[in-house]
Each structure stands twice: as structure tokens, then as C-alpha cells.
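In order, the protein sequences belong to chains S and Z. All residue numbers for the first sequence refer to the working numbering, where the first residue is 1 and numbers rise by one. All residue numbers for the second sequence refer to the working numbering, where the first residue is 194 and numbers rise by one. We treat Cβ as the ideally placed atom computed from N, Cα and C, and that holds for glycine.
Number of protein chains: 2
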Amino acid sequence: MNYESIIKNISKYITLTEKETEIFTSLLKYKAIKRKGFLLREDEVCRHETFVTKGCLRTYYVDQNGLEHVLGFSIEDWWAEDLYSFLTNKPARLCIDALEDTEVLQIEKLNLEKLYEEVPKFERFFRLSFQNAYIAQQERITFNLSSTAEERYLSFKNKYPYCEQRFPQKQIASYLGITPEFLSTLRKKSAGR
Amino acid sequence: MNYESIIKNISKYITLTEKETEIFTSLLKYKAIKRKGFLLREDEVCRHETFVTKGCLRTYYVDQNGLEHVLGFSIEDWWAEDLYSFLTNKPARLCIDALEDTEVLQIEKLNLEKLYEEVPKFERFFRLSFQNAYIAQQERITFNLSSTAEERYLSFKNKYPYCEQRFPQKQIASYLGITPEFLSTLRKKSAGR
DNA sequence: CGTCTATTTGAATGTACTCAAAAGCGGTGG
DNA sequence: CCACCGCTTTTGAGTACATTCAAATAGACG
Chain S
1 MNYESIIKNI SKYITLTEKE TEIFTSLLKY KAIKRKGFLL REDEVCRHET
51 FVTKGCLRTY YVDQNGLEHV LGFSIEDWWA EDLYSFLTNK PARLCIDALE
101 DTEVLQIEKL NLEKLYEEVP KFERFFRLSF QNAYIAQQER ITFNLSSTAE
151 ERYLSFKNKY PYCEQRFPQK QIASYLGITP EFLSTLRKKS AGR
Chain Z
194 MNYESIIKNI SKYITLTEKE TEIFTSLLKY KAIKRKGFLL REDEVCRHET
244 FVTKGCLRTY YVDQNGLEHV LGFSIEDWWA EDLYSFLTNK PARLCIDALE
294 DTEVLQIEKL NLEKLYEEVP KFERFFRLSF QNAYIAQQER ITFNLSSTAE
344 ERYLSFKNKY PYCEQRFPQK QIASYLGITP EFLSTLRKKS AGR
């Protein structure tokens, strides 16, 4: 098993000794999800933190009218989970499925708690990790509040250029909070430039 | 100085010994902000985590057209900061001012780092605290994506009933991402029920 | 190759905005 | 304590951004 990418991700915020690395990787489990397969269904309990080593996951929410709303995409080097469900052990409100054949490393909740005890540094890692995720979300909120759909699309395109071709436009539209039809007209419009 | 409320807040996630409580409170500083006064201006560096013991703070963002967008309100028992600025030491992108005469307890960044070393449990406190803030923000994003302005208003009213009277409607409109004029018509409409 | 889903296109519609003017409210000073 | 000034809220008319619905086209998968 190749732990290189996850260790590199961890070392963005904390430095691990060899022994600590060992403890950590011994708690990880590998999993492969086929395209269109599910990592987490609504009403299951989210029992893992998941790190993507290959492929792409989509986290979305199904509203009361049965419409899907994409919260985010997790490509290589990103984490995914339904944090609410993970922390409370209540049924998930989010679904996570695979847009491509995907490979992940997972750590179970109980093992993560064990890890916090044995290597308290990880408490710090996840604090910093979620603080940064919090900042990114905050930016998304302010941007949604202050921009038109067109500006949001252009910004998305600019910020995640690789995503524009990699993900179905329907999913991008959902992420941006607009209809696929309208995104289609926006793309046509912006293609002229 | 009365530290009761902040200690109670902390004990939502961790349990402190007397000694630890002592260390923690010794690092806190009291500050009073008059209504309309600033806790943080754009381009200052955010050097504190701030806990509100009385009154109300407003955290907002000024867009490129000079328009304000309210990210959130911090009343008693809530925290406030520009986390981006706090973590990076870069100039703040958010402003924080007081909607009422407000009293806060603050911990400076260096003291917080000292605290993390002396009482590592606080690493855990802030991890859980921000994980929960992250969940709340995620809910806000999904809700904004899946609801009309009217539904968002009714939900806000339902979720924070005390806020509806306490905060100027202009600020609530900004938080909801709508114009004050439109909120006015929504309120008139919902008053009939 | 055929089916199913995604994307494009266009017309009609609606939600929410802009602009403008009037009314209400609160704070401040005389 | 009242009057005034400035800011907030209300109201309404006209408009625009984005949606809905429907139909045609393109693309992906078995």
C-alpha cells in the first residue's frame, strides 16, 4: 500500500516521527469505489474519515423535493465525510458517491479516537484542517452572496480549471446553485472570450 | 472578572481541572466595545479569538462594489474572529463591529499557542468547536442552494426567533442575501400568518 | 446499434432587484 | 422635553437575472 500522498497531506500541518507514521498507517484501510458507486448513503451512519488517493467523490444533499445539491467534489489529496453524522453517530444527511473509479484510504471513528490518544498531534492536524475548510466555506458563502451566477461560474472555472472538463456540467451547475440549462448559456457566452 | 460563561462554553467539549481553568483565565483579557464600535477593521491583522459575554457583534465582508455582506452575528456565548487573518497573520478581509454595547473576553494568538502547549486539551476544544461551526456553515450553504428567499427568511425567523427583533432588518437581509426592500415585502406577507 | 442520460436551444414566466419617494424611528442638541 | 436630522423601513413601478418547461440534439454505455 502506498501511503505517500496521505503522509504528505498530513505533513502540511504536523510533522510525524517514523513511529507515529507507523501507528497512523496501521489504522488506515484501503477501499476502491467504482464509478457511480456509493461511499455513503443517506441514513447510513458515517463511520470514517476518507482520504482520496485517486479518482473523484461527490458530496451532495437531497432536498425535500428530491433535488440534489452538490456540496463539493473531493479529488486526489482531498478528504470527504459527512461530519455531522461522523461526530454525532446519527444517520447521514449527505450522500457521497464516485464520479470516477476512485480509491480511498479510510480511518474509522474508533481508530481515530485511539489515534488522538496515542498521537495527540493529530488533534492539531484535524483542527487546522477543519479551520482551513471553514475558511474556504466562508469564502464560498460571501462569494455566493455578492456575485451573479456568471461571476460564480467564471470564478469556479478560474479556481478549478481542471474541474471544468473533468466533471459533468450538470454537477458543476448544482455546485454553483444554478440550473444546467442556464450554465449551458453561460458557457456559450464565455466561450466567445 | 466573571469567567463563568466562557468556562461553561469550553466545558461543552472538554473538562478542565481547577489548575487548567486558572491557566486559561489568566490569559484572557476583557474588552468593552460601544455600539457601532469596531472590534476588527479590514486590513488590520486579527490577533485574537474573541468570546462574547454580553451584547452582539456583526461579522461582515465588503465586496468590490463597497457593499456589505453579513457573514454572521455573534451574541452572548458565541465566538468571533477573522480566522483567515488569525491563522495567516495577513490583513483581515472581514470587519467586525458591535450592533450593541458589547463585552468580550479575548485571547491573543501567542497566548493561545502557549495554551495549546500547556493544556493540549484546548487543541481538542477548538477542533470540535470549528468542526461544529463547519457543519453549521455547510447547512447554510445547502439551505441557500435549495431554498427561495422566503423560505430562508422563515427558517431564520424560526431558528433564531430572538434575532428577528434584536437585529436591524437591513442586517438580517444582508445575512440572508437579499435586499432590505425585498425582506420588507416578505415580512409583510408573513405577518398575515 | 439502440437506449438512456446529458446538453443545447428557445419561449414564457417568476423571483428578486433597482430606483425613487414617502413614512417611520431613534438619537442628539437646543 | 421636544424638534430636528439622518438612517431605516415601507411601498410601488419597472426591470433583469435566472428558472421552468418543452423539444431537439449530442454523447456515453452496454
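Kindly identify the DSSP beta-bridge partner or partners of residue i.
| i | result |
| --- | --- |
| residue 284 of chain Z | Z:238 |
| residue 233 of chain Z | Z:289 |
| residue 27 of chain S | For residue 27 of chain S, which the question treats as bridged, DSSP gives no partner whatsoever. |
| residue 268 of chain Z | Z:249 |
| residue 254 of chain Z | Z:262, Z:287 |
| residue 14 of chain S | DSSP, once it has assigned bridges, lists no residue as partnering residue 14 of chain S. |
| residue 191 of chain S | Answer is none; residue 191 of chain S lacks a bridge partner. |
| residue 51 of chain S | S:79, S:105 |
| residue 226 of chain Z | Z:295 |
Buried or exposed: where does residue i fall if 16 or more other Cβ atoms within 10 Å of its Cβ makes it buried?
| i | result |
| --- | --- |
| residue 257 of chain Z | exposed |
| residue 138 of chain S | buried |
| residue 200 of chain Z | exposed |
| residue 358 of chain Z | exposed |
| residue 92 of chain S | buried |
| residue 314 of chain Z | buried |
| residue 260 of chain Z | exposed |
| residue 372 of chain Z | exposed |
| residue 155 of chain S | exposed |
| residue 11 of chain S | exposed |
| residue 242 of chain Z | buried |
How about residue i and residue j: do their beta carbons lie closer than 8 Å?
| i | j | result |
| --- | --- | --- |
| residue 290 of chain Z | residue 244 of chain Z | no |
| residue 131 of chain S | residue 276 of chain Z | yes |
| residue 146 of chain S | residue 69 of chain S | no |
| residue 222 of chain Z | residue 295 of chain Z | no |
| residue 108 of chain S | residue 35 of chain S | no |
| residue 80 of chain S | residue 57 of chain S | yes |
| residue 345 of chain Z | residue 337 of chain Z | yes |
| residue 171 of chain S | residue 183 of chain S | no |
| residue 142 of chain S | residue 353 of chain Z | no |
| residue 230 of chain S | residue 327 of chain Z | Only positions 1 to 193 of chain S appear in the structure, and residue 230 of chain S is not among them; the question remains open. |
| residue 312 of chain Z | residue 217 of chain Z | yes |
| residue 215 of chain Z | residue 123 of chain S | no |
| residue 85 of chain S | residue 46 of chain S | yes |
| residue 2 of chain S | residue 77 of chain S | no |
Once the 5 residues before and after residue i are set aside, which same chain residues still bring their CB inside 6 Å of it?
| i | result |
| --- | --- |
| residue 13 of chain S | 125, 128 |
| residue 213 of chain Z | 312 |
| residue 89 of chain S | 45 |
Whose C-beta lies closer than 8 Å to the C-beta of residue i among residues of the same chain, with five residues either side of it excluded?
| i | result |
| --- | --- |
| residue 209 of chain S | Residue 209 of chain S falls outside the range modelled here, since chain S spans only 1 to 193, and no answer is possible. |
| residue 252 of chain Z | 263, 264, 265, 266, 267, 273, 275, 287, 288, 289 |
| residue 235 of chain Z | 255, 284, 285, 286, 287, 288 |
| residue 378 of chain Z | none |
| residue 189 of chain S | 150 |
| residue 310 of chain Z | none |
| residue 333 of chain Z | none |
| residue 211 of chain Z | none |
| residue 176 of chain S | 149, 152, 153, 156, 183 |
| residue 415 of chain Z | Since the displayed chain Z opens at 194 and closes at 386, residue 415 of chain Z lies outside it and no answer follows. |
| residue 113 of chain S | none |
| residue 16 of chain S | 7, 10, 24, 119, 121 |
Let me check you understand the geometry: is the CB of residue i closer than 7 Å to at least one non-hydrogen atom of the ligand ADP?
| i | result |
| --- | --- |
| residue 174 of chain S | With respect to the ligand ADP, the structure shown offers nothing to examine, as it has no ligands at all. |
Leaving aside the five residues before and after residue i along the sequence, list all residues of the same chain whose C-beta is less than 7 Å from its C-beta, in chain order.
| i | result |
| --- | --- |
| residue 167 of chain S | 73, 99 |
Next on the checklist: Which complete alpha helix (DSSP H) runs does the segment 288–374 of chain Z hold, if anything under 4 residues is left out?
Outcome noted: 302–311, 314–339, 342–352, 354–359, 362–369
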